[in-house]
Amino acid sequence: MSKKFNDIYFSTENGLAETNHVFLGNNQLPERFREADSFTIAETGFGTGLNFLAAWRLFNETAPASARLHFITVEKYPLTLDDLIQALALWPELNTLSDKLIAQYPPLAPGFHRLCLDNGRVTLTLMLGEAVECYRQLEAKVDAWFLDGFAPAKNPDMWCPQLFQQVARLSSAGSTFSTFTCAGIVKRGLRDAGFQIRKVPGFGRKREMLTGTFTDADQPTPPSLNHSGVSPAWFGLPDKHCGDKTALIIGAGVAGCSTAWSLAQRGWKVTLVDKNSEIATEGSGNRQGALYAKLPVDPIPASRFHLSGFLYSSHLLRQRLADRTDIWSPCGLLQLAANDKELIKQRKLAESGNYPDDVVRFVGQVEASAIAGITVNKSGLFFPAAGWVTPPRLCQWLTEHPSITVITDTRITRLEREANLWHAYTDDDQALTADVVVVASAAESMQFEQLNHLPLQKIRGQVSLTDANINAPQLKTVLCSEGYISPAKQGAFCFGATFDLNDTATEIRESGHQHNLDKVYDMAPELGKSLSQYHTENGLQGRVGFRCASPDKLPLIGPVAVYQSFLNDYGRLRHDATTVIDTQPQHYPGLFANLAHGSKGLISGPISGEIIASMLESEPLPLEKELIDKLSPARFIIKNLIRRAI
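Numbering (my numbering), first residue to last: -16 to 629.
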């Protein structure tokens, strides 16, 4: 029972039977699942997750083994994990599935949460927020709607014309819906939105309910929204890829390997090419990297993306690599305040209510020291689900998929498209071909003619490394402030890092080691002294890598724009930034970029693979459209037109 709405989540007589009748049966799902290749359901009230679990069970029982189910749902007032566990205990016949859902139930942070279940066969996109706004931000094509939620009389804000318009926008001709209610506002709203309505017998003591089919697919419907109100035409997405599922990915760092894995999970044959003798030897080559998202007091689009990426990476590691201590450790992370000004911001963040405690909470110096297992000299923020990752080992695991072929010691120098195929030429003029190319080769991507307009920056970073089993305090969690240090892996520490813009030197510098030692000392003096003593007696090892970043510090993920076409089609923005231009964007067919992850590749890389794979498959996108727009490689063309810089 919801106290807020004074209404029940499900029938007290037989909630599972009610779901089977109202939503599964009246959307003809048993028959439709048997013929499905990919099927998308959207729901307007997640509640206890009962409808999702019932649909998942039916899909497992009836759909072909190769089929995929996408379930999209929204919830403004989500249950806590404890309440969810208590509710789902009423249905022991669903325990096998409910245990998997409970294991991945996300922190209750607003926004989109992408959960992959049954080895990717089933995907749950859980949107936490107001229903109309969440569906405005969704890009998907829905086959069946579960119009659930509390009764219209008790929750009128959800059952509104704006919601029905979004339902229509996301539907194709033949999309179906079912709902327990027969309220007039629902009948009129769906009919006005283009649905053919039928009354059918309800469940139990409910005499009638509604079901129907979307028939008016050509009627104008509201576009998805971004921060300015309307997603502009230039951020339009490419059509679903309809050719052979072959992909060539250039660059085998975290971004490239994640993209290869996401595509292989969907049945693509992937060739992953890298110029080096081994994968993950450039920016993704460090022994350990911190897995967390630095957050502002009030969420902004960039931080919302980073938080979504952090939660996705954390879920992926916990689900797939729970026992792989060689790859990662969920040891938590302390973000210590560097100064009094930052300390004030951290306290405000913790008190803002914008982030749940299982994402981040404030801890004083004494508690922080207890968490770290050593004395730290500052208070800070604790991220319990954070930790460290070894990027090369993660990349190795991602590429062990049987549908991924890895080619090393091969430099791609140019790209040409001929006869609907991409030809990637090596430096000895040999060609690799594929339907789709994803360029993930960091700043070197600008060597390709199609991408040479992208504003990529190259930033040098040096980390410091010790040998195994040194005499130092035993750190239990990652520490970060103006530098970072991870707990020892196999007895050896990794810490850093310098940030050297416009510096292309590859040699290890003593000044870099001293910078890194100073930053550790600032966080934990005892540990800093031990490392300095070790350096005096033995000398530190080091590694230099080059981060690839963009001017706005967000990655470039998505289709590659045809530069001159964008200038021609959207040139009017030079004179009037508010002008409405309906021209659809011209992208190179089948050419995508996945670049500029900076120092945040562990949280932005894995979800970037899901974004690109979802675009190619025309699946529901894992993030709000506003955030997808912020990542578009074309955004800098548009910004420069508005600024009259081009």
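C-beta: ideal position from N, C-alpha, C; glycine also.
In this structure, DSSP gives residue 88 a state outside helix and strand, which the three-state scheme calls coil. The closest CA to that of residue 542, considering only 118, 121 and 434, is found on 434.
Distances from the CA of residue 623 to each of 11, 436 and 189 were compared; the closest alpha carbon is that of 436.
In this structure, the straight-line span from the alpha carbon of residue 122 to that of residue 514 is close to 50 Å. With a contact defined as Cβ atoms closer than 8 Å, residue 67 and residue 85 qualify at about 7 Å.
Runs of the beta strand (DSSP E) lying entirely within the segment 13 to 95, each at least 3 residues long, are 21 to 26 and 51 to 58 in chain order. Annotation for residue 505: the continuous alpha helix (DSSP H) segment containing it runs 493 to 506.
C-alpha of residue 388 to C-alpha of residue 482: approximately 34 Å in a straight line. When DSSP reads this structure, residue 436 sits in no beta bridge, so it has no partner. The Cβ neighbour count for residue 562, taken over all protein chains shown within 10 Å, is under 16; the residue is labelled exposed.
Residue 256 has its alpha-carbon roughly 7 Å from the corresponding atom of residue 231. Counting only runs of at least 4 residues, the segment 284 to 346 fully encloses the following alpha helix (DSSP H) elements, listed from N- to C-terminal order: 284 to 303 and 323 to 335. By the C-beta criterion, the segment 361 to 372 is judged to be in contact with the segment 269 to 281, since at least 3 inter-stretch pairs fall below 8 Å.
Following the DSSP letters along the chain, one finds residue 108 inside the beta strand (DSSP E) bounded by residues 105 to 111.
The Cβ-Cβ distance between residue 27 and residue 92 does not fall below 9 Å. Judged by beta-carbon spacing, residue 576 lies within the 9 Å limit of residue 421, meaning their Cβ atoms are closer than that value. In the DSSP annotation of this structure, the continuous segment of the alpha helix (DSSP H) that includes residue 546 starts and ends at 546 to 553. Look at residue 603 here: in three-state DSSP terms it is coil, with no helix or strand label. For the pair residue 415 and residue 162, the CB atoms are not nearer than the 9 Å cut-off. DSSP places residue 390 in the strand class (E or B) of the three-state scheme. Bridge pairing for residue 196: 159 and 179 [DSSP]. Per the Cβ contact rule, the segment 550 to 564 is not in contact with the segment 503 to 513 (fewer than 3 Cβ pairs under 8 Å).
For residue 528, the enclosing beta strand (DSSP E) begins and ends at 524 to 532. Taking 9 Å as the cut-off, the Cβ atoms of residue 382 and residue 262 count as close. Residue pairing of residue 97 in beta bridges, as defined by DSSP: 108. Here residue 441 is bridged, per DSSP, to 531. Annotated three-state conformation of residue 184 is strand, per DSSP. DSSP places residue 414 in the strand class (E or B) of the three-state scheme.
Apart from sequence neighbours up to five positions away, no residue of its chain approaches residue 403 with a beta-carbon distance below 6 Å.
Under DSSP, residue 127 forms a beta bridge with 24 and 159. Closest in alpha carbon position to residue 454, among 516, 526 and 145, is 516. By the neighbour-count criterion, in which a residue is buried when 16 or more other Cβ atoms sit within 10 angstroms of its Cβ, residue 69 is exposed.
Residue range 570 to 578 is occupied by the beta strand (DSSP E) that includes residue 572. If the five residues before and after residue 129 are omitted, its C-beta is found closer than 6 Å to the C-beta atoms of 6, 26 and 34, all from its own chain and listed in chain order. In the displayed model, residue 190 falls within coil according to three-state DSSP, outside both helix and strand. Straight-line measurement puts the Cα of residue 569 at about 6 Å from the Cα of residue 545.
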